[in-house]
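In our numbering, the protein residues as written are 1 to 130.
We put the CB at the ideal spot given by N, CA and C, even for glycine.
Please read all numbers here as calculations on a predicted model, not as lab measurements.
I have placed the structure first, in the form of structure tokens, so that the comments after it can refer back to it.
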Amino acid sequence: MALAGCGGEDAGGSGSSPEADAAGTVVVGSDGTQEITLVVGDDYVFLPDAFRVAPGRVRLTLTSEARDLVHNIRFTPGGGPVPIEEEIPILNAGESETIEFAVDQPGDYQYECSFHVALGQIGTMTVAAA
């Protein structure tokens, strides 16, 4: 789980790379895990800022297309029906990292870059039956 400035559907100039073009597409891997890639750049935006998955295993990859900024991703404490503890604590410019977790409780789960949350770098993962 595309968007502009943390809300909307325009990538705000970030959508020129293949990673950004594919960001937000949820695919099911051969092991049944739902896979999603989020992209960050030299702005305060997740691409996308919202996505939807079914209950089950999720493999989330955060890819940085930034040249200067570092980012992280975590599920906002208290920002969902149940806590999701997995996070990427720091992602330097140009890096990519993946986390995997299970989510069975339907609802909206807020995620954020804790470095830039005050600047609006927030998104929502919705868990709902297909």
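Sorted by chain position, which residues of the same chain lie with C-beta nearer than 8 Å to residue i's C-beta, five sequence neighbours on each side aside?
| i | result |
| --- | --- |
| Gly56 | Gly32, Thr33, Gln34, Ala102, Val103, Asp104 |
| Arg59 | Gly29, Thr33, Gln34, Glu35, Ile36, Thr98, Ile99, Glu100 |
| Ala129 | Ala54, Pro55, Pro106 |
Which residues bound the beta strand (DSSP E) around residue i?
| i | result |
| --- | --- |
| Arg52 | 50-53 |
| Phe75 | 71-75 |
| Asp108 | 107-112 |
| Pro89 | 87-91 |
| Val127 | 122-127 |
Please state the DSSP three-state secondary structure of residue i.
| i | result |
| --- | --- |
| Val58 | strand |
| Leu38 | strand |
| Ala102 | strand |
| Val27 | strand |
| Val82 | coil |
Can you round the beta-carbon distance between residue i and residue j to whole angstroms, since I take them to be within the 8 Å contact cut?
| i | j | result |
| --- | --- | --- |
| Ser96 | Leu62 | 7 Å |
| Tyr109 | Gly79 | 6 Å |
| Val131 | His71 | Because the chain in this structure spans residues 1 to 130, residue 131 falls outside the shown range and cannot be described. |
| Met125 | Phe51 | 6 Å |
Among residues of its own chain, excluding the 5 on either side of residue i, which ones have a beta-carbon nearer than 7 Å to its beta-carbon?
| i | result |
| --- | --- |
| Leu69 | Asp42, Ala93 |
| Pro89 | Asn72 |
State yes or no: is the beta carbon of residue i nearer than 8 Å to at least one beta carbon in chain B?
| i | result |
| --- | --- |
| Ile122 | Here there is only one protein chain, and chain B is not present. |
Which same chain residues end up closer than 6 Å to residue i when comparing Cβ atoms and leaving out the 5 residues on each side of it in sequence?
| i | result |
| --- | --- |
| Ala118 | none |
| Val82 | Gln105 |
| Gly13 | Any reading at Gly13 must be qualified, since the residue scores a pLDDT of 40, below 50, and its modelled position is unreliable; no value is offered. |
Using alpha carbons as the reference points, say which of the options lies closest to residue i.
| i | options | result |
| --- | --- | --- |
| Leu91 | Arg52, Gly123, Arg74 | Arg74 |
| Pro77 | Ile122, Thr25, Val127, Gly24 | Ile122 |
| Glu87 | Ser64, Ala129, Tyr111, Pro81 | Tyr111 |
| Glu65 | Val127, Ala23, Ala129 | Ala23 |
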